[in-house]
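Student:
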Amino acid sequence: MNVVYAYPWDVDGDPAAAERLRSLGADAVALAASYHTTRAATPQHPAHRLVDARHAAFYLPVRSTAWAGRRLTPGVPDWPGSYPAARDALRAMGLPVQAWTVLTHNTRLGRANPDLVVVNAFGERYPYALCPAFDEVADYCRTLVGEVVALGEPDALILEAAGPLGFRHMGHHEKTDGADWSPVQTALLSLCFCAACAARYAYEGLDVARLRARVRAGVDQGAASVESALADAGDAVRIVRIRLARDLQDLLRAEAGGISVTLHGNADPWAAGPFATVAGGGEADLVVGNCWNDPAVDEAGLRALAALGHRVGAYVLALPPRPADGTALAALAERYAKAGAEEIHWYHGGLAGPARLTAIRDAIHAQRRGV
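Under numbering that gives the first Met the number 0, the first residue of the sequence shown carries the number 0, and numbering increases by one thereafter.
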């Protein structure tokens with residue numbers, strides 16, 4: 000199965016968009032229903048060449064009946080892009096629509112509610128990262144999923160950031176991704192010490208001040224592994240982190256009702272970000288792993304997900320720096336299928352220009368021919 004990703008503004012207002020996506024050979028379209036801040040190119044749209052989504056927004060109606068009395072409520076966009084209009088256009092072309100829903104990644108809400116965001120061991124807050132250890136945040140995510148199902152009427156759900164985010168964030172003029180941090184230091188900087196997480200550590204019998212000091216030392220001294228930095232606290236912290244993601248994922252799966260749920264996920268118990276850890280066995284019909292890296296790294300990630308017992312999909316980057324080459328993309332898809340991927344999720348049908356759309360089309364058609 001091949002799923003192509005798109006934003007509402009890629010389809011809404013473009014009479015040719017749905018047919019263009021169908022012609023790729025897509026079996027379904029992942030259409031953003033709730034999405035974080037972005038500045039997106041629209042090379043195919045007849046009315047604009049970019050959309051500046053200045054804050055995280057919900058592309059369905061924000062009903063007062065659902066959100067009354069809550070301080071965490073979705074943002075309303077004042078830029079182009081209606082989810083219902085795009086959904087209807089895609090369905091009219093025979094394409095099932097999966098609602099791509101971003102959850103804890105929300106800078107607008109994080110800046111307005113700094114007491115509900117991830118806090119690292121140095122006391123620094125990550126305003127883009129709502130922490131699901133807080134009941135308010137978990138309830139916001141639950142309500143968001145319920146509203147997507149009720150108002151968006153999708154054929155399936157795709158949930159991104161279904162767990163805590165961490166240190167990495169591709170934000171405005173970001174200067175941390177190029178910093179000389181190892182993966183271990185990044186993981187340690189992703190451990191949260193907000194009030195709710197601190198309470199969870201304490202419940203497991205940990206000395207929170209001592210744990211914080213260990214994490215800081217692990218960052219500053221370049222620890223060889225997360226486990227060595229945490230020492231005898233490692234097992235308890237890992238359990239807290241796994242449960243935090245799993246509990247949110249199970250809550251959202253229950254809220255979704257009977258429709259299929261796909262998670263963007265990672266087998267690493269320390270994973271944080273758009274691809275949250277699923278090491279705790281969170282409820283999902285499919286777990287899609289990130290395949291934007293070196294293919295050998297991607298394959299290992301997919302195999303690790305399969306080893307946990309999940310049905311697996313691959314989230315494949317079809318944009319630069321990868322070439323606009325259908326043969327190369329087909330070869331990648333074949334490698335990922337051999338590593339266990341039952342679905343290929345292509346990023347991205349709206350950001351791609353004509354040459355890349357041709358490459359995606361050629362890759363999907365080559366897959367079907369078994370080339």
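By construction, the Cβ of each residue, glycine as well, lies at the ideal position given by its N, Cα and C atoms. For clarity, every value in this text was computed on a predicted model and none was experimentally measured.
1) Would you give the residue range spanned by the beta strand (DSSP E) that Trp-345 belongs to?
2) Once you ignore the five residues that flank Gln-184 on each side, which residues in its own chain have a CB closer than 7 Å to its CB?
3) In its own chain, which residues sit with a C-beta less than 6 Å from the C-beta of Arg-110, not counting the 5 before and 5 after it?
4) Between which two residues does the alpha helix (DSSP H) holding Ser-227 run?
5) In or out: Ala-223 buried (at least 16 other Cβ within 10 Å) or exposed?
6) For Tyr-4 and Asp-114, what's the separation of their Cα atoms in angstroms?
7) Would the beta-carbon of Pro-14 fall within 9 Å of that of Val-50?
8) Using the DSSP secondary-structure output, state which residues sit across from Cys-290 in a beta bridge.
9) Relative to the C-alpha of Val-136, which candidate in Ala-354, Leu-356 and Arg-69 has its C-alpha closest?
10) Mind checking Asn-289: buried by the 16 CB within 10 Å criterion, or exposed?
11) From Asp-246 to Gly-281, what distance separates their C-alpha atoms?
12) Of all the options Ala-336, Ala-338, Lys-337 and Ala-317, which has the alpha carbon lying nearest to the alpha carbon of Leu-328?
13) Helix, strand or coil, according to DSSP, for Ala-278 in the structure here?
14) Quick check on DSSP: helix, strand or coil for Tyr-125?
15) Which residue wins for smallest C-alpha separation from Ala-84, given the options Ala-31, Ile-258 and Ala-67?
16) Let me make sure I understand the geometry here. Which of Ala-208, Val-214 and Asp-87 has the alpha-carbon closest to that of Pro-153?
17) Rounded to whole angstroms, what's the CA-CA distance from Leu-250 to Val-61? Just pull it up for me.
18) What does DSSP give as the partner residues of Arg-373 in its beta bridges?
19) Can you name, in chain order, every residue of its own chain whose Cβ lies under 7 Å from the Cβ of Val-118, other than the five neighbours on each side?
20) Reducing DSSP to helix, strand and coil, say where Ser-81 ends up.
21) How would you call Val-144, buried or exposed, if buried means at least 16 neighbouring beta carbons within 10 angstroms?
22) Apart from the five residues just before and just after Pro-131, which ones in its own chain have a Cβ nearer than 7 Å to its Cβ?
23) Decide if Tyr-202 is buried, meaning its Cβ has at least 16 other Cβ atoms within 10 Å, or exposed.
24) Short of 6 Å in beta carbon distance, which residues of its chain neighbour Ile-359, apart from the five on each side in sequence? Order them along the chain.
25) Grab me the residues of Arg-321's own chain with a C-beta within less than 6 Å of its C-beta, minus the 5 sequence neighbours each way, in chain order.
26) Between the C-alpha atoms of Val-225 and Ile-343, what's the straight-line distance to the nearest angstrom?
27) Have a look at the DSSP bridge pairing and note the partners of Ser-63.
28) My output table needs one value for Val-236: the three-state DSSP class, helix, strand or coil.
29) Is Glu-254 helix, strand or coil by DSSP?
30) Taking DSSP's pairing of strands, which residues face Gly-165 in a bridge?
31) Alpha carbon to alpha carbon, how far is Ala-340 from Asn-1?
Tutor: According to the structure data:
1) For the purposes of this step, residue 345 is identified with residue 346 of the sequence shown, where counting begins at 1. Run containing Trp-345: 340-346, per the beta strand (DSSP E) assignment.
2) By one-based count along the sequence shown, residue 184 stands at place 185. The residues are Val-218 and Gly-221.
3) Residue 110 sits at position 111 when you count from the first residue of the sequence shown. Around Arg-110: Pro-126.
4) The sequence position of residue 227 within the sequence shown is 228, counting from 1. Taken as a continuous stretch (DSSP letters only), the alpha helix (DSSP H) holding Ser-227 covers 225-229.
5) Counted from its first residue, the sequence shown places residue 223 at position 224. Exposed, because fewer than 16 other Cβ atoms sit within 10 Å of the Cβ of Ala-223.
6) The residue you call residue 4 lines up with position 5 of the sequence shown. The residue you call residue 114 lines up with position 115 of the sequence shown. Answer to the nearest angstrom: the Cα atoms are 33 Å apart.
7) Looking up residue 14 in the sequence shown gives position 15. Looking up residue 50 in the sequence shown gives position 51. Cβ atoms of Pro-14 and Val-50: not closer than 9 Å.
8) Counting from one through the sequence shown, the residue named residue 290 turns up at place 291. Answer is Val-315, bridged to Cys-290.
9) Looking up residue 136 in the sequence shown gives position 137. Comparing Cα positions, the closest option is Arg-69.
10) Taking the sequence shown and counting its residues from 1, the one referred to as residue 289 is at position 290. Label assigned to Asn-289: buried.
11) Within the sequence shown, residue 246 is the residue found at index 247, counting from 1. Within the sequence shown, residue 281 is the residue found at index 282, counting from 1. Note on geometry: alpha-carbon atoms of Asp-246 and Gly-281 lie some 7 Å from one another.
12) Translated into the one-based positions of the sequence shown, residue 328 becomes position 329. Checking every option, the nearest Cα to that of Leu-328 belongs to Ala-317.
13) The residue you call residue 278 lines up with position 279 of the sequence shown. In this structure, Ala-278 counts as coil in the three-state DSSP scheme.
14) Position 126 of the sequence shown, counted from the start, is the residue given in the question as residue 125. In the structure shown, Tyr-125 sits in a strand (DSSP, three-state: E or B).
15) What you label residue 84 is simply residue 85 of the sequence shown in a count that begins at 1. Here the closest residue by C-alpha is Ala-31.
16) Against the sequence shown, residue 153 aligns to sequence position 154. Comparing Cα-Cα distances from Pro-153 to each of Ala-208, Val-214 and Asp-87, the minimum goes to Asp-87.
17) In the sequence shown, the residue the question calls residue 250 occupies position 251. In the sequence shown, the residue the question calls residue 61 occupies position 62. Looking at the two C-alpha atoms, the distance is approximately 21 Å.
18) Look at the range of the chain in this structure, 0 to 370, and you will see that residue 373 is not part of it.
19) As a working note, residue 118 is residue 119 in the sequence shown. The answer, listed in chain order, is Arg-124, Cys-191, Phe-192 and Cys-193.
20) On the sequence shown, residue 81 is found 82 positions in, with the first residue counted as 1. Secondary structure at Ser-81: coil, using DSSP grouped into helix, strand and coil.
21) Start at 1 with the first residue of the sequence shown, and residue 144 comes out as number 145. Classification of Val-144: buried, given that the 10 Å Cβ count is 16 or more.
22) In the sequence shown, residue 131 corresponds to position 132, counting from 1. Counting only Cβ-Cβ distances below 7 Å, and skipping sequence neighbours, we find Thr-103, Ala-137, Cys-140, Gly-162, Pro-163, Leu-243 and Leu-247.
23) In the sequence shown, counting from the first residue as 1, residue 202 sits at position 203. Exposed: under 16 other Cβ atoms inside 10 Å.
24) Position 360 of the sequence shown, counted from the start, is the residue given in the question as residue 359. Sequence-distant partners of Ile-359 (beyond 5 residues in either direction) whose C-beta falls short of 6 Å from its own C-beta, in its chain, are Leu-23, Ala-317 and Trp-345.
25) Numbered from its first residue, the sequence shown carries residue 321 at position 322. Cβ within range, chain order: n/a, list empty.
26) Position 226 of the sequence shown holds residue 225. Position 344 of the sequence shown holds residue 343. Looking at the two C-alpha atoms, the distance is approximately 32 Å.
27) As a working note, residue 63 is residue 64 in the sequence shown. None; Ser-63 has no bridge partner.
28) Counting from one through the sequence shown, the residue named residue 236 turns up at place 237. Reduced to three states, the DSSP call for Val-236 is helix.
29) In the sequence shown, residue 254 corresponds to position 255, counting from 1. Glu-254 carries a helical assignment under DSSP once its states are collapsed to helix, strand and coil.
30) Here the question's residue 165 lines up with position 166 in the sequence shown. None; Gly-165 has no bridge partner.
31) As a working note, residue 340 is residue 341 in the sequence shown. As a working note, residue 1 is residue 2 in the sequence shown. Taking the straight line from one Cα to the other gives about 11 Å.
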